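Beneath this line is the structure, given in structure tokens, with notes to follow.
Printed below as a string of structure tokens:
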């Protein structure tokens, strides 16, 4: 990866050779200032004040002052040239991050766009300034020393070269240890970010010792990395002392020897000015800037320009992707274009999941195969684990044991997000046109004819006409819960994802509208439907029914379960004897605290559900919070 970064960097610089030439040209003015820093005072002493000609000395000091003005002008032009070099790099990195975030559903796209790109931009600009300044300052100072007296180079040159060489030798080890430290720090921050919000659950499940042990391990790892980095940092300080401070001592110690061999007092003062005013500051900036910022830049660039992994590329080749309806904790989304269907649309093998290391499994050793094109209804008491199951299938949760496959491929990883779309109970609509809302899961704008056909199939046409057509502006707060569900259902219907997961996504629709939407999804060409049912009609319409009820879980057709499952008969009886049961949101829409499930202006989606009894704005990945017991497959 480091070699690839170097290769890309050289290519980037070759294309911008004109900017580099301009940068070097303006830097020459700074070199002239550096040259006059020592040469002008030396001539002012030798040819002016020490020779009894103060006017000559004052003239040389005026030349030195003029050099400062010229150097300042050059520095101002240098900043403009650096900007012309740095801003295109930032634009290229932003393009990469956005492309990966949209097409590959990269979980780190937001961090890359908001933090890592800016770190790379600022660090690269600093490195260009520091490296350029050291190079031209050193050249100007060495030329000035040679002009004053070549013997001065014998005193200043060797320790300077030795200090720079020692610093160069530490760059590789320092970069590796800097990266190790940053990785350890990120791991600790990620651990604390996961543990701190769940301290109540940790205490409730009795997992304090285990969590503390894991955190202690990460703290020790970061401590060891910090100590190793500090030890190598000592060599960085040693290189600065050797190359920048030792020449001052040598000049003072060797002063009598230099004066005896014809070096003038002015030349000796000029040499001290070169070392103290030019070489030492330039070397100090190089050591501290390149030593820490350089390794940080390499680490950030590795994250920003990393190549696709096996998870991002299917065996049939990469597929273009766009956002999916479901959203994980980082907000990453994206479906792929259509691909060849697999005989088994959904497969769970020995899947077990629990919400804590000491909690009873919500799902226990579940095996389930859903053929492509099938229609499965998932039913069961509230809190039994139905939403947990859909979250596992959607990849929002990971099983503690077992595997989940969609279309024959693992459900986790960016390459899998395009094969399933999850529509949660509370649908999310963004501010914009209706066409923009319906096309969120497609990589390209949806043709109007296809959009109207999808609206007709799902039952969105009355709302579409009431709003004024696909180009009409949508105010999410003005829509009812059922209307938002119709928009989300049509959006998912238009996606390329072959597997649709409806987690009570029609609970706000009347029975006729619900039936129309479910039949539309069941009839999608090459599509497979899994619906969490809350009405008996949904179970009757399905090819197969999964009755989740702890250890009494059953699987079969509606008629088979009525005959063979007492739990299913009881559930069907409850549905038939009273109003339809449905889950309600944690907070009512439009509650006094103004915490609702309508995406506000500019929000592209939702990263979870609003959770009661937590700070306003805190979200949690959808999941079942009831005890529910365990789940085993039966039948």
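In my numbering, the protein residues as written are 1 to 635. Backbone N, C-alpha and C define an ideal beta-carbon position, used for all residues, glycine too. Treat the numbers as computed from the prediction; the structure is a model and nothing was measured.
DSSP three-state assignment for residue i, whether helix, strand or coil
| i | result |
| --- | --- |
| residue 471 | coil |
| residue 384 | coil |
| residue 508 | coil |
| residue 372 | coil |
| residue 462 | helix |
| residue 343 | coil |
| residue 636 | The shown model of the chain, from 1 to 635, leaves out residue 636, and the question about it has no answer. |
| residue 135 | helix |
| residue 438 | helix |
| residue 433 | strand |
| residue 189 | helix |
| residue 548 | coil |
| residue 11 | helix |
| residue 88 | helix |
| residue 555 | strand |
| residue 361 | coil |
| residue 214 | helix |
| residue 391 | helix |
| residue 582 | Because residue 582 carries a pLDDT of 44, less than 50, the predicted location of this residue cannot be relied on, and no value is offered for it. |
| residue 419 | helix |
| residue 23 | helix |
| residue 18 | helix |
| residue 53 | coil |
| residue 194 | helix |
| residue 206 | coil |
| residue 72 | helix |
| residue 398 | coil |
Same chain, Cβ closer than 8 Å to residue i, neighbours up to 5 away in sequence not counted
| i | result |
| --- | --- |
| residue 39 | 144, 147, 148 and 270 |
| residue 244 | 160, 163, 275, 279, 280, 283 and 284 |
| residue 46 | 264, 265, 266 and 267 |
Beta-carbon contacts of residue i that lie in its chain and below 6 Å, excluding the five residues immediately before and after
| i | result |
| --- | --- |
| residue 533 | 377, 379 and 539 |
| residue 222 | 184, 185 and 188 |
| residue 625 | A caution first: residue 625 carries a pLDDT of 34, below 50, which makes its placement in the model too unreliable to give a value. |
| residue 63 | 40 |
| residue 11 | none |
Distance CB(residue i)-CB(residue j) smaller than 8 Å
| i | j | result |
| --- | --- | --- |
| residue 86 | residue 128 | yes |
| residue 492 | residue 536 | no |
| residue 23 | residue 68 | no |
| residue 484 | residue 430 | no |
| residue 27 | residue 177 | no |
| residue 486 | residue 419 | no |
| residue 358 | residue 206 | yes |
| residue 494 | residue 441 | yes |
| residue 528 | residue 349 | no |
| residue 555 | residue 544 | yes |
| residue 71 | residue 32 | yes |
| residue 272 | residue 248 | yes |
| residue 470 | residue 435 | yes |
| residue 412 | residue 472 | no |
| residue 20 | residue 13 | yes |
| residue 565 | residue 547 | yes |
| residue 370 | residue 530 | yes |
| residue 66 | residue 44 | no |
Own chain partners of residue i with C-beta closer than 7 Å, once the 5 adjacent residues on each side are dropped
| i | result |
| --- | --- |
| residue 130 | 285, 286, 289 and 290 |
| residue 166 | 235, 238, 239 and 242 |
| residue 455 | 461, 464 and 490 |
| residue 25 | none |
| residue 197 | none |
| residue 367 | 348, 349, 350 and 633 |
| residue 261 | 151 |
| residue 394 | 326, 420, 422 and 501 |
heavy atom of the ligand ATP below 7 Å from residue i C-beta
| i | result |
| --- | --- |
| residue 225 | The ligand ATP is absent from the structure shown, which contains no ligand whatsoever. |
task: Would you check if there are 3 or more beta carbon pairs closer than 8 Å linking the region 501-521 to the region 398-415?
output: no
- prompt: Mind pulling the beta strand (DSSP E) runs of 3 or more residues that sit fully within the region 223-269?
  reply: none
- request: State whether the region 501-512 contacts the region 384-397, with contact taken as three or more CB pairs (one from each stretch) at a distance under 8 Å.
  value: yes
Sequence ranges, beta strand (DSSP E) only - wholly within the region 513-537, length at least 3: 528-532
message: Restricting to runs no shorter than 4 residues, where is the alpha helix (DSSP H) found entirely within the region 131-184?
response: none
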